[in-house]
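In my numbering, the protein residues as written are 21 to 152.
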């Protein structure tokens with residue numbers, strides 16, 4: 021029997037702020053525990069060509085995500101399915117950190133995060149690559 025999947029709780033306030041067009045920096049400031057907010061902030065920095073801030077924002081999202089996963093019963097391994105929408109913030113933070121690590125030449129970190137993402141959900145990277 022395998023490790024059961026981890027399902028994070030919904031971040032309804034964060035999603036509402038996003039839907040209302042609140043600037044991402046304000047969302048991260050208001051909801052600092054949200055991996056999704058930090059992942060979006062990392063994406064904005066990356067899109068602006070600011071690799072080091074993107075790395076830093078993604079790193080915060082990664083750590084906030086680990087905290088959330090542990091609170092949800094995750095023991096350091098096992099599925100974190102993309103199909104469960106509240107998990108996507110953590111997966112997006114992992115992806116953003118992987119991307120920024122690649123841009124600064126941190127090969128070992130890229131490999132570790134690739135393994136982490138594949139272990140969490142084998143389809144996560146391709147889903148994010150497709151813009152889902």
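Where a beta carbon is used, it is the ideal one built from N, C-alpha and C, also for glycine.
Quick caveat: nothing in here was measured; it's all calculated off a predicted structure.
### Query
What are the start and end residues of the alpha helix (DSSP H) that includes residue 71?
What you label residue 71 is simply residue 51 of the chain shown in a count that begins at 1. Start and end: 71-91.
### Task
Can you tell me which of 111, 27 and 26 puts its alpha carbon nearest to the alpha carbon of residue 82?
Counting from 1 along the chain shown, the entry for residue 82 is found at position 62. For residue 82, the nearest C-alpha among the options comes from 111.
#### Entry: Stretch-stretch touch, CB-based, cutoff 8 Å, three pairs: the stretch 66-76 with the stretch 33-53
no
### Task
With a 10 Å radius around its C-beta and 16 neighbouring C-beta atoms as the bar for buried, classify residue 124 as buried or exposed.
Residue 124 sits at position 104 when you count from the first residue of the chain shown. Residue 124 should be labelled exposed.
### Task
Could you tell me whether the stretch 95-110 touches the stretch 25-36, using the rule of 3 or more Cβ pairs below 8 Å?
yes
### Query
Just how far apart, CA to CA, sit residue 54 and residue 78?
The residue labelled residue 54 in the question sits at position 34 within the chain shown. The residue labelled residue 78 in the question sits at position 58 within the chain shown. Residue 54 and residue 78: Cα-Cα distance of roughly 11 Å.
### Same chain, Cβ closer than 8 Å to residue 94, neighbours up to 5 away in sequence not counted
On the chain shown, residue 94 is found 74 positions in, with the first residue counted as 1. Only 26 and 100 meet the Cβ criterion.
### Task
Count the other C-beta atoms from every protein chain shown that fall within 10 angstroms of the C-beta of residue 135, then say buried if there are 16 or more, exposed otherwise.
Translated into positions along the chain shown, residue 135 becomes position 115. Looking at its Cβ environment, which holds fewer than 16 other Cβ atoms inside 10 Å, residue 135 is exposed.
### Message
Since residue 61 and residue 45 should fall inside the 8 Å C-beta cutoff, what is the C-beta to C-beta distance between them, to a whole number of angstroms?
### Response
Position 41 of the chain shown holds residue 61. Position 25 of the chain shown holds residue 45. Contact holds; Cβ gap of about 6 Å.
### Message
Whole angstroms are fine: how far does the CA of residue 91 sit from the CA of residue 120?
### Response
The sequence position of residue 120 within the chain shown is 100, counting from 1. The sequence position of residue 91 within the chain shown is 71, counting from 1. So the alpha carbons of these two residues sit roughly 26 Å apart.
### Query
How many whole angstroms separate the CB atoms of residue 118 and residue 137, which I take to be in contact at a CB cut-off of 8 Å?
For the purposes of this step, residue 118 is identified with residue 98 of the chain shown, where counting begins at 1. For the purposes of this step, residue 137 is identified with residue 117 of the chain shown, where counting begins at 1. Yes, residue 118 and residue 137 are in contact; Cβ-Cβ is about 7 Å, under 8 Å.
### Query
Cβ atoms of residue 139 and residue 24: under 8 Å apart, would you say?
Residue 24 sits at position 4 when you count from the first residue of the chain shown. Residue 139 sits at position 119 when you count from the first residue of the chain shown. No, Cβ-Cβ distance for residue 24 and residue 139 is not below 8 Å.
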